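Trainee:
Chains as they are written, first to last, in our numbering: chain D, 14 to 354; chain Y, 14 to 354.
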């Protein structure tokens, strides 16, 4: 039985989305059990719809919420009864709990997980690795997308290792093609940080390093993993989302500007609906915080029940495939190589 | 008469595009004259089509080209007969020359301009400021998009001043809304660099600072100028280009996947052509290197004659509206304020 904690508050959809997602996930994975933390009466009311699978749940009452308006460090100190703090405390104190899924405020999750949970042995800093669809029907991971702003070449190497192993473990991508996000593809591009990271990546046997990449190639399907510092990774992923959204909005507006376009679009309704679905990032799961001993998955705040279920499944798969212990092993080998080699 | 140097080699379209662009620009601005540097016989052959306006041109023979494959610093030393090096030498030695337009290799242009041309008094580092269309029918500038990778808070402040004055001078945008590219909109977001830059920007009377912005808002029309370090600015602009291109490619492919979509698209041909034109960055001019005493405009390598003409016009407008001396004045006032205030 794999047991995961679900923070039921903090997302836009409230308990309906989170506890609803719990039911979907429990339905799918018979050896999954969940601890739901939040507004207990509300949680129980949602779970009562499926008493059979609800037997594999426990609930913990923690009705307070940390929002995006709270300063993360203050929130950790002051909101001890919040669902997130209680979830993290449970995870920390109970060895039988494998991971956490939360749709709450990113800053608080990062701060809490970094400060209160242990890192995988040898990992310098945890990193986020969200997933986007690419134009060839596959996916691309971005590691780090915002957990750390200031990095070293060694941290970028670890991001590449963590991200590659994640894509293998959860998405079954064999030997993921990793590239270093840079301002050009040539080896000598960028600043010292990137040139040093390039050298480390090239000589690492645990990364299928394909060289530098530019932001314009992110969705092309040429790479499985973009390795980057949290600042530019965050800029890149938000720029993708914004550009896609704005462009589809513009096309929609333009369609409505002339009768003949509106007429033509009648025949393409299904296609446009599919494009929208294609770009709905919720379909690609949450953003996993890699490098933490216990899996932490940050779901989108606007996620519905099926998006939450997908996040639970990510945490479940990582535990089932022993992501953290395997990562510790590889990191140990790399560190040993760096010392002896 | 405003006299500008045109580097005729280095772009994909060769002399036909550059000298062709020269003719278009000369036709539009009667008090413009040009020095065309490159393959003299080729240039003369293009110019011979319009002997009347070609009277306002001079030509300089420099048939060698610096390509993207040349290492910029080596190229400067070794390719003394290249059109770019000759152009820069002319600009440096002749006070009557106001600026340079080149569609050549970016790295070489940056290196050459930075090393050989004087900076505007008080400016720490020059910056690129390309222009993108926004979804409200306006434009947005990005400063810096890749001239410098490592910045200080003071440099980010200067980028904001340079970019704002550029949008006012060339595009007539009154008091441009400038925002600092960051990982979130809240004041305390990002690293120390961004928090310090935020404080400087907020207290500067020469910038209409509206706070932090995320990459997802770049095209929304809420901001006129994104202020950023060259690394993340470069990542952002290339990600916009890549996402827009990949998405339109996907839509096109999807249209061809079913007969009914193809039929519907027949009525929307003009709309799709307009979307394509809207996203054609060549329509928005070249990327100006701000902070150099003489204007340097980098045109897209794939630019045709009308794109080159637009770049020439940008250099012409900056000179006509005395961009550089006005910038020097403002920078002086800011530095004085920083010392006395």
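For glycine and all other residues, C-beta sits at the position ideal for the given N, C-alpha and C.
Quantities reported herein were computed from a predicted structural model and do not represent experimental measurements.
Going by Cα to Cα distance, which pick from D:139, D:263, D:308 is closest to residue 110 (chain D)?
Mentor: By one-based count along the first chain, residue 110 (chain D) stands at place 97. Nearest C-alpha to residue 110 (chain D): D:308.
Trainee: Against chain Y, which members of the segment 165–190 of chain D pass a CB distance test of less than 7 Å?
Mentor: Taking 7 Å as the Cβ-Cβ cut-off against chain Y, none of the residues of the segment 165–190 of chain D qualify.
Trainee: Beta-carbon within less than 7 Å of residue 119 (chain D)'s beta-carbon, same chain only, minus the 5 sequence neighbours each way: which residues are those?
Mentor: Translated into positions along the first chain, residue 119 (chain D) becomes position 106. 311, listed in sequence order.
Trainee: What runs of the beta strand (DSSP E), each 3 residues or longer, lie entirely inside the segment 93–120 of chain Y?
Mentor: Those beta strand (DSSP E) runs which fall completely within the segment 93–120 of chain Y and span 3+ residues are 110–115.
Trainee: Spell out whether any CB of chain D is found under 9 Å from the CB atom of residue 278 (chain Y).
Mentor: Position 265 of the second chain, counted from the start, is the residue given in the question as residue 278 (chain Y). It does; some Cβ of chain D falls within 9 Å.
Trainee: Kindly say whether residue 258 (chain D), judged by its beta-carbon, lies nearer than 9 Å to any beta-carbon of chain Y.
Mentor: By 1-based counting over the first chain, the position of residue 258 (chain D) is 245. Yes, its Cβ sits closer than 9 Å to a Cβ of chain Y.
Trainee: Taking beta-carbon pairs under 9 Å, can you tell me which members of the segment 116–148 of chain Y lie near chain D?
Mentor: Answer in chain order: 119, 120, 147, 148.
Trainee: May I ask whether a heavy atom of the ligand GTP can be found less than 8 Å away from the beta carbon of residue 122 (chain D)?
Mentor: Because no ligand of any kind appears in the structure shown, any question about the ligand GTP cannot be addressed here.
Trainee: Which bits of chain D does residue 290 (chain Y) rub up against, with CB to CB less than 8 Å?
Mentor: Here residue 290 (chain Y) refers to the residue found at position 277 when the second chain is read from its first residue. Chain D residues near residue 290 (chain Y): none, gap ~12 Å exceeds 8 Å.
Trainee: If we call anything under 9 Å between Cβ atoms a contact, is residue 163 (chain D) one with residue 157 (chain Y)?
Mentor: The sequence position of residue 163 (chain D) within the first chain is 150, counting from 1. The sequence position of residue 157 (chain Y) within the second chain is 144, counting from 1. Going by C-beta atoms, residue 163 (chain D) is not nearer than 9 Å to residue 157 (chain Y).
Trainee: Quick check on residue 196 (chain D) - is its C-beta less than 9 Å from some C-beta in chain Y?
Mentor: Position 183 of the first chain, counted from the first residue, corresponds to residue 196 (chain D). Closer than 9 Å to some Cβ of chain Y, the Cβ of residue 196 (chain D) qualifies, so yes.
Trainee: Closer than 7 Å by C-beta to residue 202 (chain D): which residues in its own chain qualify, once you throw out the five before and the five after it? Chain order, please.
Mentor: Against the first chain, residue 202 (chain D) aligns to sequence position 189. Within the same chain, residue 202 (chain D) has close Cβ partners 195, 196, 225.
Trainee: Are residue 45 (chain D) and residue 306 (chain D) close, meaning C-beta to C-beta below 9 Å?
Mentor: The residue labelled residue 45 (chain D) in the question sits at position 32 within the first chain. The residue labelled residue 306 (chain D) in the question sits at position 293 within the first chain. Contact flag unset, no.
Trainee: Enumerate in chain order the residues of its own chain whose CB-to-CB distance from residue 252 (chain D) is below 8 Å, with the five nearest sequence positions on each side excluded.
Mentor: Against the first chain, residue 252 (chain D) aligns to sequence position 239. Excluding residues within five positions, the ones whose Cβ falls inside 8 Å are 228.
Trainee: Could you name the residues of the same chain whose beta carbon sits closer than 8 Å to that of residue 101 (chain D), not counting the 5 residues immediately before and after it, in chain order?
Mentor: The sequence position of residue 101 (chain D) within the first chain is 88, counting from 1. So the qualifying residues of the chain are 113, 125, 126, 129, 130.
Trainee: Go to residue 300 (chain Y), then tell me how far its alpha helix (DSSP H) extends in each direction, as first and last residue.
Mentor: Within the second chain, residue 300 (chain Y) is the residue found at index 287, counting from 1. No alpha helix (DSSP H) holds residue 300 (chain Y); the beta strand (DSSP E) holding it covers 300–303.
Trainee: Under the three-state reduction of DSSP, which class applies to residue 74 (chain Y): helix, strand or coil?
Mentor: Walking along the second chain from the start, residue 74 (chain Y) turns up at place 61. Note: residue 74 (chain Y) maps to strand in three-state DSSP.
Trainee: Using CA coordinates, which residue listed in Y:17, Y:15, Y:16, Y:23 is at the minimum distance from residue 317 (chain Y)?
Mentor: Within the second chain, the letter at position 304 stands for residue 317 (chain Y). Nearest of Y:17, Y:15, Y:16, Y:23 to residue 317 (chain Y), Cα basis: Y:23.
Trainee: Buried or exposed: where does residue 52 (chain Y) fall if 16 or more other Cβ atoms within 10 Å of its Cβ makes it buried?
Mentor: The residue you call residue 52 (chain Y) lines up with position 39 of the second chain. So residue 52 (chain Y) counts as buried.
Trainee: Using 10 angstroms around the beta-carbon of residue 313 (chain Y), count the other beta-carbons present and answer buried if the total reaches 16, otherwise exposed.
Mentor: Numbered from 1 along the second chain, position 300 holds the residue referred to as residue 313 (chain Y). By the 10 Å Cβ count, residue 313 (chain Y) comes out buried.
Trainee: Grab me the residues of residue 40 (chain Y)'s own chain with a C-beta within less than 8 Å of its C-beta, minus the 5 sequence neighbours each way, in chain order.
Mentor: As a working mapping, residue 40 (chain Y) is identified with position 27 in the second chain. Here the set comprises 63, 66.
Trainee: Taking 9 Å as the threshold (C-beta atoms), are residue 150 (chain D) and residue 26 (chain D) in contact?
Mentor: Sequence index remark: in the first chain, residue 26 (chain D) carries index 13 (1-based). Sequence index remark: in the first chain, residue 150 (chain D) carries index 137 (1-based). No. Outside cutoff.
Trainee: Along chain D, in chain order, which residues have C-beta atoms closer than 7 Å to that of residue 247 (chain Y)?
Mentor: Here the question's residue 247 (chain Y) lines up with position 234 in the second chain. Result: 196.
Trainee: I'd like the span of the alpha helix (DSSP H) that includes residue 324 (chain Y), first residue to last.
Mentor: Along the second chain, one-based indexing puts residue 324 (chain Y) at 311. Here the alpha helix (DSSP H) through residue 324 (chain Y) covers 318–333.
Trainee: Exposed or buried, residue 86 (chain Y), counting other C-beta atoms within 10 Å across all chains shown (16 or more means buried)?
Mentor: Your numbering for residue 86 (chain Y) matches position 73 in the second chain. Counting Cβ neighbours within 10 Å, residue 86 (chain Y) comes out exposed, since fewer than 16 surround it.
Trainee: Return the CA-CA distance between residue 327 (chain Y) and residue 142 (chain Y), expressed in angstroms with no decimal places.
Mentor: For this step, residue 327 (chain Y) is matched to residue 314 along the second chain. For this step, residue 142 (chain Y) is matched to residue 129 along the second chain. Rounded to the nearest angstrom, the two C-alpha atoms are 12 Å apart.
Trainee: Between the segment 276–283 of chain D and the segment 267–282 of chain Y, can you find at least three pairs of beta-carbon atoms closer than 8 Å?
Mentor: Cβ pair count under 8 Å is three or more, so yes.
Trainee: Express the C-alpha separation of residue 208 (chain Y) and residue 199 (chain Y) in angstroms, rounding to a whole number.
Mentor: As a first step, residue 199 (chain Y) must be located in the second chain, where it is residue number 186. As a first step, residue 208 (chain Y) must be located in the second chain, where it is residue number 195. About 10 Å.
Trainee: Please name the residue in D:343, D:259, D:301 whose C-alpha comes closest to that of residue 146 (chain Y).
Mentor: Within the second chain, numbered from 1, the residue matching residue 146 (chain Y) stands at position 133. Nearest option by C-alpha distance: D:259.
Trainee: In angstroms with no decimal places, state the Cα-to-Cα distance between residue 354 (chain D) and residue 339 (chain D).
Mentor: By 1-based counting over the first chain, the position of residue 354 (chain D) is 341. By 1-based counting over the first chain, the position of residue 339 (chain D) is 326. Below a pLDDT of 50, predicted positions are generally treated as unreliable, and residue 354 (chain D), at 47, falls in that range; the measurement from the model is reported next regardless. Rounded to whole angstroms, residue 354 (chain D) to residue 339 (chain D) spans 22 Å at the Cα level.
Trainee: Between residue 314 (chain D) and chain Y, is any beta-carbon pair separated by less than 9 Å?
Mentor: What you label residue 314 (chain D) is simply residue 301 of the first chain in a count that begins at 1. For residue 314 (chain D), the answer is no, since every Cβ of chain Y falls outside 9 Å of its Cβ.
Trainee: Please check if any C-beta of chain Y sits within less than 9 Å of the C-beta of residue 274 (chain D).
Mentor: In the first chain, residue 274 (chain D) corresponds to position 261, counting from 1. Yes, residue 274 (chain D) lies at the interface with chain Y (some Cβ there is under 9 Å from its Cβ).
Trainee: Under the three-state reduction of DSSP, which class applies to residue 364 (chain Y): helix, strand or coil?
Mentor: No information on residue 364 (chain Y) is available, as it lies outside the stretch 14 to 354 that chain Y covers here.
Trainee: Residue 171 (chain Y): which of Y:238, Y:55, Y:117, Y:42 sits nearest, CA to CA?
Mentor: Here the question's residue 171 (chain Y) lines up with position 158 in the second chain. Out of Y:238, Y:55, Y:117, Y:42, Y:238 has the C-alpha closest to the C-alpha of residue 171 (chain Y).
Trainee: Which term fits residue 263 (chain Y), buried or exposed, when burial requires 16 or more other beta carbons within 10 angstroms of its beta carbon?
Mentor: Position 250 of the second chain, counted from the first residue, corresponds to residue 263 (chain Y). Answer is buried; the Cβ neighbour count reaches 16.
Trainee: Are any of the Cβ atoms in chain Y nearer than 9 Å to that of residue 253 (chain D)?
Mentor: The residue given as residue 253 (chain D) occupies position 240 in the first chain. Chain Y, which has a Cβ nearer than 9 Å to the Cβ of residue 253 (chain D), makes this yes.
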